[in-house]
Structure formats: structure tokens, C-alpha cells
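Novice: Below you will find the structure I want to go over with you.
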Amino acid sequence: MIEIERKFLVNSTAFKDEAFKSTCIIQGFLSTDKARTVRVRLKGDVGFLTIKGKSTNDGLSRFEWEKELPKDEAEALLKLCLKGIIDKIRYEIKVDNHIFEVDEFFGDNEGLIVAEVELNTETETFTKPNWLGKEVTGDIKYYNSQLSLNPFKLWD
0 MIEIERKFLV
10 NSTAFKDEAF
20 KSTCIIQGFL
30 STDKARTVRV
40 RLKGDVGFLT
50 IKGKSTNDGL
60 SRFEWEKELP
70 KDEAEALLKL
80 CLKGIIDKIR
90 YEIKVDNHIF
100 EVDEFFGDNE
110 GLIVAEVELN
120 TETETFTKPN
130 WLGKEVTGDI
140 KYYNSQLSLN
150 PFKLWD
């Protein structure tokens, strides 16, 4: 499956008042190779194993495969992950026909808030809520796999 998404910084916490759902997420990486990232995620009480391929040059799309796992299996795999576990709360906000996923990071990435919107095509238009800031699609430093290696607290 090809995932098409755009990523943005968030310029206020107003999104929290619009969210219809929030979920705690803990995730780690078994591989951060840009050609094949392998992620283990615990999203609430459900685990996931995800493999993502290399992004297109503009960062808009890439291959993604995901399988649901029982919580205990995800917890066991998290213990095998590389250093740099990601801890965040994901808020889901419906804006017209799209769902924005806004991640508020904690731990070594505290202070960073990033929004993503999945699209059906690379040219699909969507309504930008007023809390949406600068677009960072394709900037790999905002990829979770890179945040695990070079956390926000170390940036200039």
C-alpha cells in the first residue's frame, strides 16, 4: 500500500479542543534504514508492526505495510528496539473530509507538535485549520525514525 501524506508543524494547542480522540503511543524502531524502516508501536492497548519503504523525493508518498499485534508481543518487541523510544499523544481532528493526526511529543522530543494529513492523491486539496503551521513534508528530521536518533531537545 502506498501512503500519501503531508506533514506540518503546529502553531498552537487549539487543536486539542477540536479533537474527537486522543491516544497514548509508545514506539521504537528495529531498523531506521531509510530504505526500510521497521517500527514497533503500542497504541493504547494494541500493538503494531510497521514497515515503511523509502519516501519519494518530495516526501509525499512511500510504501507502508502494517500488521496488528497483541499487546504483549508489541511490548516484547519494544525491548529489542534501538535506543530512542518515542513517547507521544496522538490527537485526531476531523476537518471537512480529512482527519488530521496531531502528535504531541514527550521525553526527549518534548515541545515538538507535528500534524499529518493522509491524502488519496498527491495533488488532493484540503482545508488547513488555523493551528496548522509551516509545512515540513519531506524534511526527514521530522520523521519519527529520525526523532528517535536525533531528538528535538538536541536541535539548535
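Under numbering that gives the first Met the number 0, the sequence shown has 61 at position 62, and the numbering climbs by one with no breaks.
By construction, the Cβ of each residue, glycine as well, lies at the ideal position given by its N, Cα and C atoms.
Counting Cβ pairs, one atom from each stretch, are 3 or more of them under 8 Å apart for the segment 35–54 and the segment 116–128?
Specialist: Short answer: they don't touch.
Novice: In chain order, what residues of the same chain lie with their CB nearer than 8 Å to the CB of residue 19, ignoring the 5 residues before and after it?
Specialist: Cβ neighbours of residue 19 beyond the five flanking positions: 91, 92, 93.
Novice: DSSP three-state call for residue 152: helix, strand or coil?
Specialist: Residue state, collapsed to three classes: helix.
Novice: How about residue 78 and residue 45: are their beta carbons less than 8 Å apart?
Specialist: For residue 78 and residue 45, no; Cβs fall outside 8 Å.
Novice: From the DSSP output, read off the bridge partner residues of residue 141.
Specialist: DSSP lists no partner for residue 141.
Novice: How many angstroms separate the CA atom of residue 100 from the CA atom of residue 108?
Specialist: So the alpha carbons of these two residues sit roughly 17 Å apart.
Novice: Buried or exposed for residue 152, please, with buried defined as at least 16 other CB atoms from any protein chain shown within 10 angstroms of its CB.
Specialist: Looking at its Cβ environment, which holds fewer than 16 other Cβ atoms inside 10 Å, residue 152 is exposed.
Novice: If we ignore side chains and look at the alpha-carbon of each, how far apart do residue 63 and residue 16 end up?
Specialist: Cα to Cα, residue 63 sits roughly 30 Å from residue 16.
Novice: What are the start and end residues of the beta strand (DSSP E) that includes residue 81?
Specialist: Residue 81 -> no beta strand (DSSP E), and no H or E assigned at all.
Novice: What are the boundary residues of the beta strand (DSSP E) that includes residue 17?
Specialist: Careful: residue 17 lies outside any beta strand (DSSP E), inside the alpha helix (DSSP H) at 14–17.
Novice: Quick one: what does DSSP say residue 106 is sitting in, helix, strand or coil?
Specialist: Residue state, collapsed to three classes: helix.
Novice: Output needed for residue 41: all residues of its chain with C-beta closer than 6 Å, excluding positions within five of it in sequence on either side, in chain order.
Specialist: Cβ neighbours of residue 41 beyond the five flanking positions: 25, 73.
Novice: Which ranges would you report for the beta strand (DSSP E) in the segment 21–103 if only whole runs of at least 3 residues count?
Specialist: For the segment 21–103, whole beta strand (DSSP E) runs of length 3 or above, ordered along the chain, are 35–42, 45–52, 60–68, 85–94.
Novice: Which residues in the same chain have their Cβ closer than 6 Å to the Cβ of residue 134, if we skip the five residues on either side of it in sequence?
Specialist: Taken in chain order, the residues that qualify are 7.
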